[in-house]
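Novice: Going down the list, the protein sequences come from chains A and B. Counting in my numbering, the first sequence runs from -12 upward without gaps. Counting in my numbering, the second sequence runs from 159 upward without gaps. For glycine and all other residues, C-beta sits at the position ideal for the given N, C-alpha and C. Bear in mind that the values here come from a model prediction, so they are computed numbers and not experimental data.
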Amino acid sequence: MFLKIALTTAFTAMLCLANVWGQCVVDDKEHEVCLERSATRIAALSPGATELAFAAGAGERVVAVVSFSDYPSAAQEIESVGSPSRLDLERLVALKPDLVLAWGTGNPSEQISVLARLGLPIYYVEPHSFSDIAGDIRDIALLAGTETQGDRAAQTFLNGIAELRSQYSNKPRVATFYQVWDEPLMTMNDEHYINQVVELCGGINVFADSSRLIPRLNNEAVLIKNPEAIIAGGMGERNAHWLEAWRTFPNLLATQRDNLFFVPPSLIQRPTPRLLEGAKIMCQRLDLARQRRN
Amino acid sequence: MLHRSPSMPLILLVFVSCATLLFSITQGSVSLSITDVSSALRSQGSQLYQTLVWELRIPRVAAAFATGALLSMAGALMQILLRNPLADPYVLGISGGASVMVLGAILVGASGIILSGAAFLGATLSSLLVFGLSQRSGQTTPMRLLLTGVVIAAGWGACITLILAIAPPQKIPGMLFWLMGDLAYAHSPWLAWVVLAMVSMLVMPFAKSLNVLARGPLQAAALGVNVVFLERFVFILASLMTAIAVTTAGSVGFVGLVIPHMMRLILGNDQRLILPASALSGGCLVTFADTIARTVIAPEQLPVGVITALIGVPTFLFLLNKGRM
C-alpha cells in the first residue's frame, strides 16, 4: 500500500516536472523567447547561427540550415532552406522546426513574421560582442536542453578571449586598417565586433570614429591615416592580391615594414566561437608588426 | 478582327486563369499530391499540408495573380492615354517614386507594413508630381505628360543609385530583391484584389470611349467624348493600380508592357475586350512565372521578374513575327 502511494506520488511529481520544464531566454533583439519543452528541431537561418547551435551542443537537433552554412562539416549534410536573404518557407515549415534561429539583418523580416504568425518560436541571433557570442551559445543550449555543453563552450571561448586580452591589450598600440572588402574599399567603425578584436590585440582601428558601421573608402583616406598594419579579410580563403595592391604605395608605413597580413575571413567575419582562432591570428600578426619596429 | 462571339476569348481566359491558379497551388518546393492538396483545400487531412496550402501557397498565388492583372491593365490604359506603344505602368516614374521611398525606408531600418506604406506614398507622390508638372494652363498633352514622366523617372533612378551606393552592405540584398520585384515579400493579397475589382468596375463602362480616345483626342472630342475628364480618369486609375501592384510585389517589370500588346495582336484593338483580357492573362503570366521562380531551383528562390521576362520575350517575339502589327 505504502509503495503504491509512493509510486503514485513520484509519478505525479514527474508529470508535473515534465510540464513545467518551460525555459525563457532573451534574444539579441531583447525579445523574450519561451519554450515549453526543449527544442528538438532547430532551424538555423544564418551560417553563424548554425555554428553557434553546434557549439551549444545542439548540432544534432538542427534540421534546417541556409546556403553557405559550411561549418562544422556536419552542417553541410543538413537540408538547406534557400539563401538567408530569401528563404524557401514551404520547405522550412515542412521540416516542422520547434525553434527558429533567425538573423535580424540577414533574413527578410516579412518572411520571419510569417513564421511567427504560424506560431514558431523565433530567437534572433545577432551578436555584437564577445559576451553576446557566449550569451547566445548559453541561450541556445538552454532552449535545446544541452546546458552542460553550452556552458563549457561559452566558458572556453570567454577564457580564450580573456587570455588574449591579458597578453596583448596592454602592449604598445599598432595603428591598424582592417580591410573588409576591396572594391569598393570597406572597413568598419568602433561599433563593429571586429573593432573589438583589433583593440583586444592592442591595435587601434584607424577608422574607429567613422560615422557608419561599414564605411566605404577610397585609397586616399587610407594613405592619409597611414596605418602601421593592414589586415585583409574578404570572401575567399586566399586573397593575397588585395594586399599586393597596397605595395604600389611605398610611402605607406604598412608597406615599408611589410605589415600586410591576411586573416582568413571565415575565422573573423562570423561572430561565432571560431572568432577566438581568428583573434589569435590577428594578435600574432599585430605583434609581428610591433617586432618589426626595431 | 471580328469575332463571332466577342466574349468567347474571355471565357477561355477565365478558364485558363482558374487552371493556372489551381496548378500553382499544387506546385511547391514540397511536393504534395493532388489528393493532399484537395483535402487541405477542404480543411481536412494533415495539419502541415493545410498550413502549406492555406498560409503559404494561396496568399502568394493570389498576390501574384492580382499583381499581374493590375500591371497589365495599367499598362493597357497607359498605352491608350499616352498613345505610345512603349508606354508601360512604370514609364511615368511611379515605380521609381515607390522604389525611392521603400529603399529610403529600408535604409533607416523600417520593415513590414511600413514598407508597403512607403511604396504607396512614393507611387502617389510621383504620380501627383508628374501630373502637376505636366499641366500648362489647365491642359495636358500626352507628349508633355510622357516627357515629364520619363524625366521624373530618370530622377528617381538617380536617387535609387545613390541610395544603393550609400547603403550598408547587409541591407543591399533586400533592396535589390525589392527592385527586381519579388513575391516572397507579399504580405496579403486582399488590398490588390479589392482595388482590381473596384477599378475594373469603374473602367469598363468607359471602354467604348477609350476606343475612340485611342484614335486621337480630336476625333474623340468630335464624337462627344469628354477628353479632359477621361484622360484624368484613366491617369488616376492607372496610377492607383500601379501603386497597389508595386506595394504588393515590388517593381515586377515587363508584364505591363507586353501583355496588352500580346492581347492586341491576338484579339484586335477593342478595349472592351483588351482590358479584361489583359488583366486575366497578366495574372496568369505572373502566377505561372512565380510558381517557376519558387520551385525551379528550390530551395533557392528566384525573383519573379526574371521569369516573366524569360517567358514573355520569346512569346511576344513569336506573336510579333506572325505579323498582325
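(1) Going by the beta-carbon positions, is the gap between B:VAL392 and B:LEU228 smaller than 9 Å?
(2) Closest Cβ-Cβ distance between B:HIS419 and chain A: below 9 Å?
(3) Quick check on the DSSP output: what are the complete alpha helix (DSSP H) runs of length 4 or more inside the segment 193 to 265 of chain B, in order along the chain?
(4) Would the beta-carbon of B:GLY339 fall within 9 Å of that of B:ILE264?
(5) Rounded to the nearest angstrom, how far is the Cβ of A:ARG199 from that of A:ASN182, given a contact under 8 Å?
(6) Is the distance from the Cβ of A:VAL191 to the Cβ of A:THR174 below 9 Å?
(7) Measure the C-alpha to C-alpha separation of B:GLN208 and A:LEU76 and round it to an integer number of angstroms.
(8) Output, in chain order, the set of chain B residues within a Cβ distance shorter than 7 Å of A:ILE268.
(9) Just the Cα atoms here: how many angstroms apart are A:TRP168 and B:ARG215?
(10) Taking buried to mean at least 16 other C-beta atoms within 10 Å of its own C-beta, is B:ILE271 buried or exposed?
(11) Which class does B:CYS317 belong to by DSSP, given the choice of helix, strand or coil?
(12) Please report how far the alpha carbon of A:ASN157 lies from the alpha carbon of A:ALA149, in whole angstroms.
(13) Determine whether the beta carbon atoms of B:LEU244 and B:LEU349 lie at a separation below 9 Å.
(14) Whole angstroms are fine: how far does the CA of B:TRP314 sit from the CA of B:SER189?
(15) Please state whether DSSP places A:ALA31 in a helix, a strand or coil.
(16) Which value, in whole angstroms, describes the spacing of the CA atoms of B:THR178 and B:PHE446?
(17) Give the interface partners of B:VAL188 over in chain A, defined as CB-CB distance under 7 Å, in chain order.
(18) For A:LEU79, is the classification buried or exposed, using 16 other Cβ atoms within 10 angstroms of its Cβ as the cut-off for buried?
(19) With distances taken Cα to Cα, identify the nearest neighbour of B:SER258 among B:ASP246, B:LEU273 and B:VAL249.
(20) Which of the three DSSP states, helix, strand or coil, is assigned to B:VAL383?
(21) Compute the distance between the beta-carbons of A:GLN166 and A:TRP229, then report whether it is under 9 Å.
(22) Taking the C-alpha atoms as reference points, what is the distance between A:TRP8 and B:VAL357?
(23) With 9 Å set as the bound, which would you pick, yes or no: does the beta-carbon of A:LEU74 sit closer than that to a beta-carbon of chain B?
(24) Listed from N- to C-terminal order along the chain, which residues in the segment 250 to 268 of chain A have their beta-carbon within a distance smaller than 7 Å of any beta-carbon of chain B?
(25) Which bits of chain B does A:VAL68 rub up against, with CB to CB less than 8 Å?
(26) Nearest chain A C-beta to B:THR466 closer than 9 Å, yes or no?
(27) Under 7 Å, CB to CB, which of the residues in the segment 261 to 273 of chain B have a partner in chain A?
(28) Does A:TRP168 get closer than 9 Å to chain B when you measure Cβ to Cβ?
(29) From B:LEU477, B:ALA401 and B:CYS317, pick the residue whose C-alpha is nearest to that of B:LEU286; which is it?
(30) Using a Cβ-Cβ cutoff of less than 6 Å, which residues in the same chain neighbour B:THR449 once the five nearest sequence positions on both sides are dropped?
(31) Assign B:LEU338 to one of three DSSP states: helix, strand, or coil.
(32) Any idea which residues DSSP pairs A:ARG73 with across the strands?
(33) Considering Cα atoms alone, identify which of B:SER196, B:PRO217 and B:ALA221 is closest to B:ALA403.
Specialist: The relevant details are as follows:
(1) Position 234 of the second sequence, counted from the first residue, corresponds to residue 392 of chain B. Position 70 of the second sequence, counted from the first residue, corresponds to residue 228 of chain B. Not a contact, by the Cβ cut-off of 9 Å.
(2) Mapped onto the second sequence, residue 419 of chain B falls at position 261. Answer no: the Cβ-Cβ gap between B:HIS419 and chain A never drops below 9 Å.
(3) Every unbroken stretch of the alpha helix (DSSP H) spanning 4 or more residues and falling wholly within the segment 193 to 265 of chain B is given here in chain order: 205 to 208, 216 to 240 and 252 to 265.
(4) Within the second sequence, the letter at position 181 stands for residue 339 of chain B. Within the second sequence, the letter at position 106 stands for residue 264 of chain B. B:GLY339 places its beta carbon 9 Å or farther from that of B:ILE264.
(5) The residue given as residue 199 of chain A occupies position 212 in the first sequence. The residue given as residue 182 of chain A occupies position 195 in the first sequence. Contact annotation, A:ARG199 with A:ASN182: C-beta distance approximately 13 Å; criterion of less than 8 Å not satisfied.
(6) For the purposes of this step, residue 191 of chain A is identified with residue 204 of the first sequence, where counting begins at 1. For the purposes of this step, residue 174 of chain A is identified with residue 187 of the first sequence, where counting begins at 1. It is worth fixing the name first, because residue 191 of chain A is Ile in this sequence and not Val. No, they are not a contact pair.
(7) The count along the second sequence starts at 1 and reaches residue 208 of chain B at position 50. The count along the first sequence starts at 1 and reaches residue 76 of chain A at position 89. Cα to Cα, B:GLN208 sits roughly 14 Å from A:LEU76.
(8) The sequence position of residue 268 of chain A within the first sequence is 281, counting from 1. The premise fails here: A:ILE268 is roughly 23 Å from chain B at the closest Cβ pair, so nothing lies under 7 Å.
(9) The residue you call residue 168 of chain A lines up with position 181 of the first sequence. The residue you call residue 215 of chain B lines up with position 57 of the second sequence. So the two alpha carbons sit approximately 39 Å from each other.
(10) Locating residue 271 of chain B in the second sequence gives position 113, where the first residue counts as 1. Answer is exposed; the Cβ neighbour count stays below 16.
(11) Here residue 317 of chain B refers to the residue found at position 159 of the second sequence. Assignment of B:CYS317 by DSSP, reduced to helix, strand and coil, places it in the helix class.
(12) Counting from 1 along the first sequence, the entry for residue 157 of chain A is found at position 170. Counting from 1 along the first sequence, the entry for residue 149 of chain A is found at position 162. Put simply, the backbone Cα of A:ASN157 is about 12 Å away from that of A:ALA149.
(13) By 1-based counting over the second sequence, the position of residue 244 of chain B is 86. By 1-based counting over the second sequence, the position of residue 349 of chain B is 191. Not a contact, by the Cβ cut-off of 9 Å.
(14) As a working note, residue 189 of chain B is residue 31 in the second sequence. As a working note, residue 314 of chain B is residue 156 in the second sequence. Their backbone Cα atoms lie some 42 Å apart in a straight line.
(15) Along the first sequence, one-based indexing puts residue 31 of chain A at 44. Per DSSP, reduced to three states, the secondary structure at A:ALA31 is strand.
(16) Start at 1 with the first residue of the second sequence, and residue 178 of chain B comes out as number 20. Start at 1 with the first residue of the second sequence, and residue 446 of chain B comes out as number 288. The C-alpha of B:THR178 lies about 7 Å from the C-alpha of B:PHE446.
(17) Position 30 of the second sequence, counting from 1, holds the residue named residue 188 of chain B. Neighbours of B:VAL188 on chain A, chain order: GLU77, ARG78 and ALA81.
(18) Taking the first residue of the first sequence as 1, we reach residue 79 of chain A at position 92. Buried, since its Cβ has 16 or more Cβ neighbours within 10 Å.
(19) As a first step, residue 258 of chain B must be located in the second sequence, where it is residue number 100. Reading off the sequence, residue 258 of chain B comes out as Val, not Ser. Restricting attention to B:ASP246, B:LEU273 and B:VAL249, the CA atom closest to the CA of B:VAL258 is found in B:LEU273.
(20) Along the second sequence, read from residue 1 onward, the residue named residue 383 of chain B stands at position 225. B:VAL383 falls in the coil class under three-state DSSP.
(21) Position 179 of the first sequence, counting from 1, holds the residue named residue 166 of chain A. Position 242 of the first sequence, counting from 1, holds the residue named residue 229 of chain A. Result yes, Cβ atoms of A:GLN166 and A:TRP229 sit closer than 9 Å.
(22) Position 21 of the first sequence, counted from the first residue, corresponds to residue 8 of chain A. Position 199 of the second sequence, counted from the first residue, corresponds to residue 357 of chain B. Those two C-alpha atoms are separated by around 55 Å.
(23) Residue numbering aside, residue 74 of chain A sits at position 87 when the first sequence is read from its first letter. True, the Cβ-Cβ gap to chain B drops below 9 Å.
(24) Residues: none.
(25) Counting from 1 along the first sequence, the entry for residue 68 of chain A is found at position 81. What A:VAL68 touches in chain B: PRO457.
(26) Translated into the one-based positions of the second sequence, residue 466 of chain B becomes position 308. Proximity of B:THR466 to chain A, defined by a Cβ-Cβ separation below 9 Å, is not satisfied.
(27) SER269 and GLY270: these are the residues of the segment 261 to 273 of chain B whose beta carbon lies less than 7 Å from some beta carbon of chain A, given in chain order.
(28) Here residue 168 of chain A corresponds to residue number 181 of the first sequence, with the count starting at 1. Under the Cβ criterion of 9 Å, A:TRP168 is counted among the residues facing chain B.
(29) Within the second sequence, numbered from 1, the residue matching residue 286 of chain B stands at position 128. Measuring from the Cα of B:LEU286, the nearest candidate turns out to be B:ALA401.
(30) Stepping through the second sequence from its first residue, residue 449 of chain B is reached at position 291. For B:THR449, where only same-chain residues beyond five positions count, the Cβ hits under 6 Å are SER182 and GLN185.
(31) What you label residue 338 of chain B is simply residue 180 of the second sequence in a count that begins at 1. In the sequence under discussion, the amino acid at residue 338 of chain B is Met, which differs from the Leu named in the question. Three-state DSSP puts B:MET338 in a helix.
(32) Here residue 73 of chain A refers to the residue found at position 86 of the first sequence. Paired residues: A:SER70.
(33) Position 245 of the second sequence, counted from the start, is the residue given in the question as residue 403 of chain B. When each option's Cα is compared against that of B:ALA403, the closest is B:ALA221.
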